[in-house]
Structure formats: C-alpha cells, structure tokens
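Participant: To start, I am sharing the structure in question, which I have written as structure tokens.
Number of protein chains: 2
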Amino acid sequence: MIADMADEGDKFVEGAPDSPPELRAGAGYLLARLGAESRRRWARMLAEHGMTPHHYGALMTLDNLKVTHQQRLAELIGVDPRNAVSVVDFLERRGLIERTRDRADRRRHAIALTEEGRAVIDGLRRAGDGVERDMLGGLTGDERTALHDLLHRLFEVTVDR
Amino acid sequence: MIADMADEGDKFVEGAPDSPPELRAGAGYLLARLGAESRRRWARMLAEHGMTPHHYGALMTLDNLKVTHQQRLAELIGVDPRNAVSVVDFLERRGLIERTRDRADRRRHAIALTEEGRAVIDGLRRAGDGVERDMLGGLTGDERTALHDLLHRLFEVTVDR
DNA sequence: TATTGTTATACTCTATAACTATA
DNA sequence: TATAGTTATAGAGTATAACAATA
Chain A
15 MIADMADEGD KFVEGAPDSP PELRAGAGYL LARLGAESRR RWARMLAEHG MTPHHYGALM
75 TLDNLKVTHQ QRLAELIGVD PRNAVSVVDF LERRGLIERT RDRADRRRHA IALTEEGRAV
135 IDGLRRAGDG VERDMLGGLT GDERTALHDL LHRLFEVTVD R
Chain B
15 MIADMADEGD KFVEGAPDSP PELRAGAGYL LARLGAESRR RWARMLAEHG MTPHHYGALM
75 TLDNLKVTHQ QRLAELIGVD PRNAVSVVDF LERRGLIERT RDRADRRRHA IALTEEGRAV
135 IDGLRRAGDG VERDMLGGLT GDERTALHDL LHRLFEVTVD R
C-alpha cells in the first residue's frame, strides 16, 4: 500500500524536514534527457523554417568545414550515412548546398554551401540564439560558458577526430 | 565548382597552415547532438535488459522520489503524459512498480517501486556506469564532475520544479 | 469547467538489409 | 575485397485528437 505522494517539492523550503530527496541521476542519463529537451525546442523553431535539427546540423557543419563528403558529414551530425542521403537531398533541392563528384575519388561527392545556404544560416543562427537563451536562461553567464566549453570538448573526444 | 575536401583533420598538426577550422556550434545544439549520442548508447545497453531509456528514467526517478503520480513522472522523464501510460504499464506488468489509486484524489494513481524494482535498478546502475565511462572517458575526472554538476543544475532550472 | 489517466492513431526518426559504382 | 553513396523498409519514438472518471 502506498501512503502519501511525495512529489510536491515546491511546497517545501530548502532543508525542511519533509523536503524530497534531490533527483539524482548520472551525467550520461542527464545528457540524454536534457539533450532530448533541447532537441525538442530546436525542432519546434526549425519547423517554422521547414527544417529539422539534422538539416541545421548539416548547414552549421558545412559552414565550419567549407567542404566535406557525405560520410564525414553524417558522422559529425550523428546520423547513419544511409540516412544522410535524404538530408543532403533536401538541402540540395532547396539550393542551400551543392553536391559535385570528387575528381580524385569518383565514388565521393564533395558537398559545400551555396551563397544562398550561407544567407539562410545567418537567419537560423539568429533564431537559434533565442532558443538557446530560453533553454539555458536559468544558468548564469559563467555557467553557460563552462557548459559550452565542456560540451565542445566532449564533442571532440567522442565524435570528432 | 568545389576544389578539394577539407575534412582530413587528423592529418594536420595543431596550428598547421591547412588545419581545418574548429567545429563551432552553440551549447544548445551541442547538447541536442551529444544527448542523442548518449541516448543511443544507453538504448543499446538497455535493450539487452529489454528496456528503453524511458523505462530506465522512470525507475531512476521513482528511486529518488519514492512515490509520485503519472503526470509528474511523465514531466520528469520528458514524455507526454499520454505516452507515459505505456511506459508505466510495461513496468507494472514486469512487477517493477506498483500503481494504486490515491485515496485523496481518486483520479490519481500513486506509483512506487516494488522490492523487485529496487533490485533491478541496482543491476541497471552497474551496467549504466559502463556506458557512462565509455561516453565520458575522454574527459578528466574534474571535467566529468563539472559537467555533471552543470547538467544537474540545468535539469533543475528547466524541467524540475 | 479543469484535471488525471486512458485509448487510438498518424507521423517522424532511427536502424538495417540489399544494391550500384567505383576503388 | 572494401568503400561511397543510394534505395527501400520496418520498428521505435513522438505528437495529437477524442474520451471517461473525478475534482
């Protein structure tokens, strides 16, 4: 038999006798949980531009790398190379990227942003700043910076290189 | 026309003339990207136990709260209350949680872990430690701690309370 | 009239198998 | 034989609409 609910945390002040235990979870799980939250918010914003987080990631990555090929792009944005095809197709149809055969290895397609792609990115970046402020607004400036640095480093050691 | 690919980053040493620009992205996007990576790894591990990240999250959350109701649980694990039904159903059928009507508000179902649920959690936690070491192994101990603290705080200010 | 939980369903994302063309 | 890209498909995950019981 279950007695009373213990989830009305906001009714208790810090250190009160009945204050519920902190929600404790590992960093890996929290990363997955908060990542889903962040993804949801990005997806909602990007949907207004007719895009998905993968499209955004691809544009952003190409803006950094200038040129790359599909397999590498897929790796960096975190999709299986087989599923990257439709992502790249979509952006190409919209005229935001161009896909040309690599002369040295004709199996490969070199991918790069078009002029229009670069223009679109600027708009998305501005919209993205709003999402980020909303998601991380509860943190101090120092905390946001520290989190950004740590995530950037984690990205390097897990997916990049 | 696209000239050469610029993605063979590992061939260049730091500061070399042709070294590719760092992959720069905002904290919100990185959080979504790395969250998906973490989720994938958790999902793979949990599949061996016939579970999903949501099931894990529900068990972990109940272990912290002891008792709660479905809406609150759904909020904490990040699923729509309507979709939390099948998550709770699954765990109840496995005998890991028990669902009893709240006497004070008979619309509500009080949810709590069973003895067996607590035992299963111990096993999952051990398996989860392996996933976490794998995911965060490239960071130093201090970095892992700092990241964990920041994620925990972000969880508080975004979804909890 | 609002809230808790439920059922049902459509849609998106992700994972995977099988193929073509180049190397 | 291995790799880059493609096509196709099934399953998991997510979002949404409509409803019953209770407040």
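Protein chains in written order, with our numbering: chain A, 15 to 175; chain B, 15 to 175.
Heads up, the beta-carbon is just placed ideally off N, CA and C, and yes, glycines get one too.
Only a predicted model underlies this, so the values are computations on that prediction, with no experimental measurement involved.
With a threshold of 7 Å on Cβ separation, who are the neighbours of H68(A) within its own chain once the five nearest residues in sequence on each side are excluded?
Facilitator: Closer than 7 Å at the Cβ level, and outside the excluded window around H68(A), lie I91, V93, V101.
Participant: Applying the criterion that 16 or more other CB atoms from any shown protein chain within 10 Å of the CB defines a buried residue, is R96(A) buried or exposed?
Facilitator: Burial call: exposed.
Participant: For a minimum of 4 consecutive residues, which ranges assigned as the alpha helix (DSSP H) are wholly contained in the stretch 110-144 of chain B?
Facilitator: Counting whole runs of 4 or more residues, the stretch 110-144 of chain B contains no alpha helix (DSSP H) stretch at all.
Participant: Pop quiz: G49(B) and A39(A) are said to be a contact at Cβ under 8 Å. What is the actual Cβ separation, rounded to whole angstroms?
Facilitator: With 8 Å as the limit, G49(B) and A39(A) do not qualify as a contact, their Cβ atoms being about 13 Å apart.
Participant: Tell me the residue span of the alpha helix (DSSP H) that contains H69(A).
Facilitator: That run of the alpha helix (DSSP H) goes 67-79.
Participant: Output the distance between the C-alpha atoms of A124(A) and A41(B), rounded to the nearest integer angstrom.
Facilitator: Computed Cα separation, rounded: 28 Å.
Participant: When the Cβ atoms of the stretch 56-70 of chain B are set against those of the stretch 136-146 of chain B, are three or more pairs found closer than 8 Å?
Facilitator: Yes: at least three Cβ pairs fall under 8 Å.
Participant: Can you have a look at D119(A) and say buried or exposed, based on whether 16 or more other CB atoms are within 10 angstroms of its CB?
Facilitator: Per the 10 Å Cβ criterion, exposed.
Participant: Out of curiosity, what's the CA-to-CA distance linking V173(A) and L153(B)?
Facilitator: One C-alpha to the other measures close to 13 Å.
Participant: Buried or exposed, going by whether 16 or more other CB atoms sit within 10 Å of the CB of E170(A)?
Facilitator: Exposed, by the Cβ-count rule.
Participant: Check each candidate in A133(B), R122(B), R117(B) and name the one with the smallest Cα separation from I111(B).
Facilitator: Checked all of A133(B), R122(B), R117(B); the closest Cα to I111(B) is A133(B).
Participant: If you follow the alpha helix (DSSP H) that R55(A) is in, where does it begin and where does it stop?
Facilitator: Where R55(A) is concerned, the enclosing alpha helix (DSSP H) stretches over 41-61.
Participant: Measuring alpha carbon to alpha carbon, tell me which of G155(A), G131(A), L165(A), T159(A) ends up nearest K80(A).
Facilitator: Of the listed residues, the one whose Cα sits closest to K80(A) is G131(A).
Participant: Using a Cβ-Cβ cutoff of less than 8 Å, which residues in the same chain neighbour R53(A) once the five nearest sequence positions on both sides are dropped?
Facilitator: Closer than 8 Å at Cβ, skipping near neighbours: P67.
Participant: Please state whether the Cβ-Cβ distance between L161(B) and L164(A) is less than 7 Å.
Facilitator: Yes, Cβ-Cβ distance for L161(B) and L164(A) is below 7 Å.
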